[in-house]
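J.: Residue numbers (our numbering): 41 to 179. Think of the CB as a built atom: it goes at the ideal place given N, C-alpha and C, for glycine as much as any other residue.
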Amino acid sequence: KSYGLAGLRFGFLVAQPSMIEQFLKVKDSYNCDALSIAGATAAISDQQWLRENVSKIRATRESLQSQLTQLGFEVIPSQANFVWCTHPEAEVKPIYDYLKENRILVRYMSYPNWKEGLRISVGTDDQISACMSLIQSKV
Numbered sequence: 041k042s043y044g045l046a047g048l049r050f051g052f053l054v055a056q057p058s059m060i061e062q063f064l065k066v067k068d069s070y071n072c073d074a075l076s077i078a079g080a081t082a083a084i085s086d087q088q089w090l091r092e093n094v095s096k097i098r099a100t101r102e103s104l105q106s107q108l109t110q111l112g113f114e115v116i117p118s119q120a121n122f123v124w125c126t127h128p129e130a131e132v133k134p135i136y137d138y139l140k141e142n143r144i145l146v147r148y149m150s151y152p153n154w155k156e157g158l159r160i161s162v163g164t165d166d167q168i169s170a171c172m173s174l175i176q177s178k179v
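#1: Less than 8 Å between the CB atoms is what I'm expecting for residue 178 and residue 135, so what's the real figure, rounded?
#2: Would you mind working out which of 172, 50, 46 and 48 sits nearest residue 113, comparing C-alpha positions?
#3: Give the range of the beta strand (DSSP E) segment to which residue 122 is assigned.
#4: Looking at the structure shown, is residue 77 part of a helix, part of a strand, or coil, going by DSSP?
#5: Can you find the residues in the same chain that come closer than 8 Å, C-beta to C-beta, to residue 175, ignoring five residues on each side of it along the sequence?
#6: Short of 6 Å in beta carbon distance, which residues of its chain neighbour residue 101, apart from the five on each side in sequence? Order them along the chain.
#7: Since residue 148 is in the beta strand (DSSP E), which residue starts that stretch and which ends it?
#8: Got a sec? Which residues, its chain only, sit under 8 Å from residue 42 by beta carbon, not counting five neighbours each side?
#9: Would you report the Cα separation of residue 152 and residue 74, rounded to the nearest angstrom?
#10: Counting only the same chain and skipping the five closest in sequence on each side, list residues whose C-beta sits under 7 Å from that of residue 155.
#11: Is residue 118 helix, strand or coil by DSSP?
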């Protein structure tokens with residue numbers, strides 16, 4: 041995710057030979073095309089860009105968590121490129137619906153025996169600002 045290659049599927053496996061044999065039984069015969077290999081190679085080669093991107097994601101995530109907390113949300117601490125939050129007093133489904141109506145896509149999550157919540161991906165600062173403005177108007 042930190043390489044910013046959304047939609048590009050590329051991976052590799054380091055494992056014991058017996059495990060590799062099992063993976064080869066189900067592996068697609070054309071699973072890495074030339075474009076994927078070129079993109080992944082270029083991304084892996086630019087470690088400076090990766091460090092800068094990770095730094096931006098961390099800063100934006102921390103800002104997002106702080107803003108949500110200030111609005112009374114309970115935020116699960118995150119090291120990922122998203123945060124999960126719920127609100128002890130407000131229903132989050134109407135907030136999700138309002139964001140969706142305004143073309144801000146987050147994930148609404150509701151599971152048995154668990155609080156409903158929102159999974160908000162860390163986007164650009166401008167995207168987070170737009171999202172938070174709408175959330176603030178609904179809380």
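T.: Looking at the coordinates:
#1: Counting from 1 along the sequence shown, the entry for residue 178 is found at position 138. Counting from 1 along the sequence shown, the entry for residue 135 is found at position 95. Yes, they are in contact, since the Cβ atoms of residue 178 and residue 135 sit about 5 Å apart, within 8 Å.
#2: Your numbering for residue 113 matches position 73 in the sequence shown. The shortest Cα separation from residue 113 among 172, 50, 46 and 48 belongs to 172.
#3: Reading the sequence shown from its first residue, position 82 is the one you call residue 122. Residue 122 -> beta strand (DSSP E) spans 122 to 126.
#4: Walking along the sequence shown from the start, residue 77 turns up at place 37. Three-state result, residue 77: helix.
#5: The sequence position of residue 175 within the sequence shown is 135, counting from 1. For residue 175, where only same-chain residues beyond five positions count, the Cβ hits under 8 Å are 108, 111, 135 and 139.
#6: By 1-based counting over the sequence shown, the position of residue 101 is 61. Taken in chain order, the residues that qualify are 162.
#7: The residue given as residue 148 occupies position 108 in the sequence shown. Segment 147 to 149, the beta strand (DSSP E) holding residue 148.
#8: The residue given as residue 42 occupies position 2 in the sequence shown. Same-chain partners within the cutoff: 90, 93, 94, 97 and 121.
#9: In the sequence shown, residue 152 corresponds to position 112, counting from 1. In the sequence shown, residue 74 corresponds to position 34, counting from 1. Using only the alpha carbons, I get a separation of about 44 Å.
#10: Numbered from its first residue, the sequence shown carries residue 155 at position 115. Closer than 7 Å at Cβ, skipping near neighbours: 126.
#11: The count along the sequence shown starts at 1 and reaches residue 118 at position 78. Coil at residue 118, not helix or strand.
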